[in-house]
Amino acid sequence: MSVKKNTFSEVVYVAVVSHGHGKIIEEMCCLEHLSKPQFVVIVIDNIREKRLCDWSKDNNVDYLYNHKPLGFGHNNNLAFAHARTLGMRNQDLFLILNPDVKVDSSELRLFISDVVTRGSGISTVNLFRDQSFTHYDNSIRRFPSLFDFMSSFLGFRNRTIYDKDKIDDVTHVDWAAGSFLLFSVEIYELLRGFDTRYFMYCEDVDICYRARRDFNIPVTFFPGYKALHLAAHANKKILSRHFWWHLTSAITFLSVKRFRRKKS
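So the mapping is simple: the numbering used here equals the position in the sequence shown, first residue as 1, plus 934.
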């Protein structure tokens, strides 16, 4: 019987942006199990929590903080730039990971090995919303239209969501949530990272869209590898600041989708 092994030599730089998630990061007990030099964990603290700073020092995690809160994409771009100063190479990998995502370190290593073997430029795992891995997180979707955004905001059926029950094998999808998104460093550099015009929403849709449109680089979904995502969808309450952030980002994406010319 053959056993999958961790065979990759690339270094994986893991970027985690915290918006007051210090307690969650501690309770998830995930990041501290990723050992150097194979994994380098970079935490960017958006509100400068002392407990997160102390935890990072105790767990050999690179800790950065902002003097003022920045958006999701901006923070991850800063993490990428910092990783370059640590010696990150083009052949290495850059993982965007939410602080409320928990993935087993052995599972992650097997996933990385599979990604490297297949040569996937942008990849994601199968996210679930419960520890028994029975309830899917809707983390892979089709590119949205104006109608799709309006339907979602009004609480109607979201037709962009892929039915994971119908996906058994590794496949290409339009885009995957930034809660778990793995890039080859070379491709992240090629895309110039996330577009910082967005704030908190749609950065992941945009970067996947630009990868497909400008460079014909798809997102590869690996359904056999699982992770837990304890998501809190704060944008559903009408007129909340999260709703307005989401709405503004949706408008930005639709303008990008319509007016940006494809690179020759």
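Where a beta carbon is used, it is the ideal one built from N, C-alpha and C, also for glycine.
Those residues which DSSP pairs with residue i across a bridge
i       : result
Leu1027 : Val946 and Ser1118
Ile904  : Residue 904 lies beyond the stretch modelled for the chain, which goes from 935 to 1198, so this question has no answer here.
Ala1145 : Paired residue(s): none; Ala1145 is not in a bridge.
Ala1110 : Ile1074
Lys970  : Lys970 is not bridged to any residue.
Proximity of residue i and residue j at Cβ, strictly below 8 angstroms
i       : j       : result
Phe1117 : Leu1027 : yes
Asn994  : Lys957  : no
Gly1005 : Tyr1132 : yes
Arg1063 : His1163 : yes
Met1022 : Val1119 : yes
His1016 : Asp988  : no
Nearest to residue i (by Cα), restricted to the options the options
i       : options                               : result
Gly1112 : Trp989, Val1050 and Ala1165           : Ala1165
Thr1130 : Ile1121, Leu1124, Asp1064 and Ile1141 : Ile1141
Gly1055 : Val951, Lys957 and Asn1150            : Asn1150
Val1049 : Leu1125, Tyr997, Lys1100 and Phe942   : Phe942
Asp1148 : Ile1121, Glu961 and Lys1098           : Ile1121
Ser1189 : Cys1136, Leu1124 and Arg1043          : Cys1136
His967  : His1163, Arg1052 and Ser1039          : Ser1039
Asp1108 : Asp1102, Ile1101 and Tyr1096          : Tyr1096
Asn1009 : Asp1103, Glu944 and Val950            : Val950
Phe1014 : Val946, Arg1052, Ala1110 and Leu986   : Val946
Arg1146 : Asp1071, Leu1125 and Ala1017          : Leu1125
Thr1094 : Ala1110, Glu1123 and Trp989           : Ala1110
Thr1051 : Gln1025, Asn1072 and Val1037          : Gln1025
Asn1011 : Tyr1159, Cys987, Leu965 and Val977    : Val977
Arg1018 : Ala1161, Glu1123, Ser952 and Gln1065  : Glu1123
Val975  : Val948, Ser990, Asp1102 and Arg1076   : Val948
Glu1041 : Phe1128, Val1139 and Cys964           : Cys964
**Asked** Considering only residues of the region 1043 to 1070, which uninterrupted alpha helix (DSSP H) runs meet the minimum length of 4 residues and lie entirely inside it, listed in chain order?
**Response** none
Report yes or no: do three or more beta-carbon pairs, one from the region 1150 to 1160 and one from the region 1049 to 1062, lie closer than 8 angstroms? yes
- prompt: Between the region 1029 to 1041 and the region 997 to 1004, do at least 3 Cβ pairs fall closer than 8 angstroms?
  reply: no
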